[in-house]
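What follows is one structure encoded as structure tokens, with my remarks underneath.
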Amino acid sequence: MGDRVRNSYNERRIDYHSELQVVRTSTVKEVAHQGRLLTLLNRREHGARRGLIISGERTTGKTTALRQLGRLHELRARQRYPDTRRVPVVYVTAPPKGSPRKLAIEFARFLGLPVIPSRHNTVDITSAVCQVLIEARTDLVLVDKIHLMNLATSAGEELSDHLKYFTEHLPATFIYAGIDVEHSGLFTGIRGDQIAGRCTLLHTGPFPLNSEWEGLVATMEATLRLHQHKAETLADLHPYLHQRTGGMTGSLSHLIRAAAISAILDGSERVTRRQLDTIHVDHASERAFRGEARRGRAAG
5 MGDRVRNSYN ERRIDYHSEL QVVRTSTVKE VAHQGRLLTL LNRREHGARR
55 GLIISGERTT GKTTALRQLG RLHELRARQR YPDTRRVPVV YVTAPPKGSP
105 RKLAIEFARF LGLPVIPSRH NTVDITSAVC QVLIEARTDL VLVDKIHLMN
155 LATSAGEELS DHLKYFTEHL PATFIYAGID VEHSGLFTGI RGDQIAGRCT
205 LLHTGPFPLN SEWEGLVATM EATLRLHQHK AETLADLHPY LHQRTGGMTG
255 SLSHLIRAAA ISAILDGSER VTRRQLDTIH VDHASERAFR GEARRGRAAG
């Protein structure tokens, strides 16, 4: 290849590795299964609909599972109702230090509704959002970062009440995800008891060093597009990769994708143990890895 063509080709490969495909782990499968069950159960429900809360540590695949659920649901909806103007799925994040107005604006922003802060109040925005969602036949609403909503505060109570308004006025199933939700204040007080009574709780966590972890590493390795990479290099390094990431799928994905892009940039076209050592992941995983290494040296 000439320089221009090669650079264009490498840029496309970098883009590809920056969004490596989703691996259907046991967590992704469970969230997809439970989410579909709830949407089917809620299809004819006219009262309070059941919801699902995904709770776990950071980088354990909560957001990935949430988005994959939304993707699968939208694909089914498109197949069932082709050539329609439906918006089957809405994805928003709970606003930090949130308020009902901020939450309504998050919905409006996803839907592409024009919002002028000086002209539209919370009631106007909420009414417009509900109208559009009903007309668009939205039946799945995904709310990420729900741990930011602390019911022990007045702001959290107001945000909870506003979210409850959406759940009662929209014929949709609500699925939430957040970090350590059961200890974040979401289940505090009467409002928290109501949420706990309406929602199923699923936990995510780090993967143990077992056959599923080895298969996860092998599956990610199979997606690499590097010309000199030796097959099963990463699969053979799965114990090391578990130490580096603490079994966190998000950290593993970052490590492998960063190493692949680095291999394209430096022209080596392969991922090796030496190269993986040069890649930095999140501080929590790095700290745990260094601590384990120190304990190993002390034991030795």
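In this text, residue positions in the sequence shown follow this note's numbering: the first is 5, and each later residue adds one. Think of the CB as a built atom: it goes at the ideal place given N, C-alpha and C, for glycine as much as any other residue.
The Cβ atoms of Pro100 and Leu152 lie closer than 8 Å to each other. The alpha-carbon separation between Asp184 and His233 amounts to approximately 38 Å. DSSP places Phe191 outside both helix and strand once states are collapsed to three, so it counts as coil. The segment 12-22 makes contact with the segment 255-266: 3 or more CB pairs, one atom from each, lie closer than 8 Å. Inside the segment 29-111, DSSP marks whole alpha helix (DSSP H) runs of 4 or more residues at positions 30-45, 66-84, from first to last along the chain. Here Ser30 is not near Leu205, since their CB atoms are 8 Å or more apart.
Beta-bridge analysis with DSSP links Ala181 to Ile58.
For Phe191, the CB contacts under 6 Å within the same chain, skipping 5 residues up- and downstream, are Ala200 in chain order.
Residue state for Val147 is assigned as strand, using DSSP reduced to three classes. The C-alpha of Asp128 is placed about 15 Å away from the C-alpha of His173. No Cβ-Cβ contact shorter than 8 Å links Tyr169 with Gly55. The Cβ atoms of Ala98 and Leu117 lie no closer than 8 Å to each other. In the DSSP annotation of this structure, the continuous segment of the alpha helix (DSSP H) that includes Leu280 starts and ends at 277-282. Spanning the alpha carbons of Phe114 and His77 requires a straight line of approximately 17 Å.
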